[in-house]
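Take a look at the structure below.
In the working numbering, the protein residues as written are 20 to 321.
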């Protein structure tokens with residue numbers, strides 16, 4: 020099979036994956052999950068900001084505000100916002116850059132870095148297993164190869180994640196405009212759009228991880244469990260090899276950390292195009308993770 024034929028078949032599988040997601044309501048469930056987590060987290064964050072503003076108003080002897088947002092400048096001058104970002108971020112330069120951005124956009128990005136890996140892996144885990152279970156994958160394999168099926172399912176799930184992230188960003192913008200006051204609407208929308216794209220790139224390795232688990236079993240439940248376990252394990256390994264790096268732990272950390280997506284996490288906070296290199300590494304890692312179990316899948320009886 021030539022390269023262009025393989026690419027065409029991959030895109031056809033991608034289109035079929037998107038159509039299947041719409042028909043089976045998988046897309047609706049995925050979008051709802053993204054919206055509930057991101058918008059719910061954003062709303063809870065506005066409540067925290069409101070409490071901080073009440074404390075500031077009490078200290079200054081001014082009336083308390085009914086909705087958060089009107090005293091953000093005061094919180095910046097008092098250093099409250101800076102302390103929040105210092106607890107979220109490690110790089111002082113990134114902290115100073117983030118302070119100038121709409122606060123809910125920064126929270127959306129930070130919160131998404133922690134939550135989206137699990138949602139992305141769960142979505143990817145449903146990409147192949149159901150078709151193996153009901154044997155519908157055989158109809159695709161009559162027309163194309165297994166590599167094209169895996170690549171097409173990965174691209175289809177990645178596209179679904181992009182749509183879900185955009186909808187979650189729109190929901191977060193609505194939260195910012197309705198639950199807070201004095202928010203810069205255009206700047207908020209622009210930063211949310213940019214952070215959505217960065218989060219989409221961040222999600223790709225975990226989509227690949229879910230697709231990898233989906234190749235190993237015909238049970239969607241087991242593939243989801245394996246995907247979530249793998250994501251949790253990657254966070255655990257990253258944390259373990261990030262602290263007290265001495266002796267054997269340091270040697271193992273130097274070997275394992277480069278293949279963990281979390282290693283590139285701070286790079287996604289870079290300004291302008293400084294995050295392009297981490298993004299490229301995440302894309303390459305997503306393909307590698309997706310294809311790790313492919314030799315087993317290629318020999319499976321389907």
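Positions of the beta carbon are idealized from the N, C-alpha and C atoms, including for glycine.
Query raised in the report: Between the C-alpha atoms of residue 204 and residue 150, what's the straight-line distance to the nearest angstrom?
Result: For the purposes of this step, residue 204 is taken as residue 185 along the chain shown, with counting starting at 1. For the purposes of this step, residue 150 is taken as residue 131 along the chain shown, with counting starting at 1. Each residue's Cα considered, the two are about 43 Å apart.
**Report entry** Chain-order list of residues whose beta-carbon lies under 6 Å from that of residue 60 (same chain, five-residue window excluded)
**Finding:** Here residue 60 refers to the residue found at position 41 of the chain shown. Hits under 6 Å: 130.
Query raised in the report: For residue 240, does the three-state DSSP call read helix, strand or coil?
Result: By 1-based counting over the chain shown, the position of residue 240 is 221. The answer is helix: DSSP assigns residue 240 an H, G or I state.
Query raised in the report: Does the beta-carbon of residue 278 have 16 or more other beta-carbons within 10 angstroms, so that it is buried, or is it exposed?
Result: The sequence position of residue 278 within the chain shown is 259, counting from 1. So residue 278 ends up on the exposed side.
Query raised in the report: residue 305 and residue 226 look like a contact to me (Cβ under 8 Å); what is the Cβ gap, rounded to whole Å?
Result: To locate residue 305, count along the chain shown from 1; it is residue 286. To locate residue 226, count along the chain shown from 1; it is residue 207. Confirmed, about 7 Å.
**Report entry** residue 288 vs residue 113 beta-carbon contact at 8 Å
**Finding:** The count along the chain shown starts at 1 and reaches residue 288 at position 269. The count along the chain shown starts at 1 and reaches residue 113 at position 94. Yes, Cβ-Cβ distance for residue 288 and residue 113 is below 8 Å.
Query - Contiguous alpha helix (DSSP H) assignments of at least 4 residues, all confined to the segment 183-268 - result: 204-233, 239-259
Query - For residue 167, three-class secondary structure by DSSP - result: Position 148 of the chain shown, counted from the start, is the residue given in the question as residue 167. Reduced to three states, the DSSP call for residue 167 is helix.
Query - Whole-angstrom distance between residue 142 and residue 128, CA atom to CA atom - result: Residue mapping note: residue 128 aligns to position 109 of the chain shown, counting from 1. Residue mapping note: residue 142 aligns to position 123 of the chain shown, counting from 1. Distance between the alpha carbons of residue 128 and residue 142: 20 Å.
Query raised in the report: Using a Cβ-Cβ cut-off of 6 Å (strictly less than) and excluding sequence neighbours within five positions of residue 242, which residues of its own chain qualify?
Result: The residue you call residue 242 lines up with position 223 of the chain shown. Here the set comprises 144, 148, 232, 233, 236.
Query raised in the report: In chain order, what residues of the same chain lie with their CB nearer than 6 Å to the CB of residue 159, ignoring the 5 residues before and after it?
Result: Within the chain shown, numbered from 1, the residue matching residue 159 stands at position 140. Here the set comprises 168.
Query raised in the report: From residue 186 to residue 265, what does the alpha carbon distance come to, in whole angstroms?
Result: Residue 186 sits at position 167 when you count from the first residue of the chain shown. Residue 265 sits at position 246 when you count from the first residue of the chain shown. Straight-line Cα distance between these residues: approximately 44 Å.
Requested in this report: Confirm, please, whether the CB-CB distance from residue 219 to residue 207 is below 8 Å.
Outcome: Here residue 207 is taken as the residue at index 188 of the chain shown, counted from 1. Here residue 219 is taken as the residue at index 200 of the chain shown, counted from 1. It is not a contact, given that the beta carbons lie outside the stated cut-off.
Query raised in the report: With residue 262 and residue 146 assumed to form a contact (beta carbons below 8 Å), what rounded beta-carbon distance in angstroms separates them?
Result: Reading the chain shown from its first residue, position 243 is the one you call residue 262. Reading the chain shown from its first residue, position 127 is the one you call residue 146. That pair is no contact at about 35 Å.
**Report entry** Counted within 10 angstroms of its Cβ, other Cβ atoms place residue 280 as buried (16 or more) or exposed
**Finding:** Within the chain shown, numbered from 1, the residue matching residue 280 stands at position 261. Classification of residue 280: buried, given that the 10 Å Cβ count is 16 or more.
Requested in this report: Could you give the DSSP three-state label for residue 282: helix, strand or coil?
Outcome: Walking along the chain shown from the start, residue 282 turns up at place 263. DSSP places residue 282 in helix when its eight states are reduced to three.
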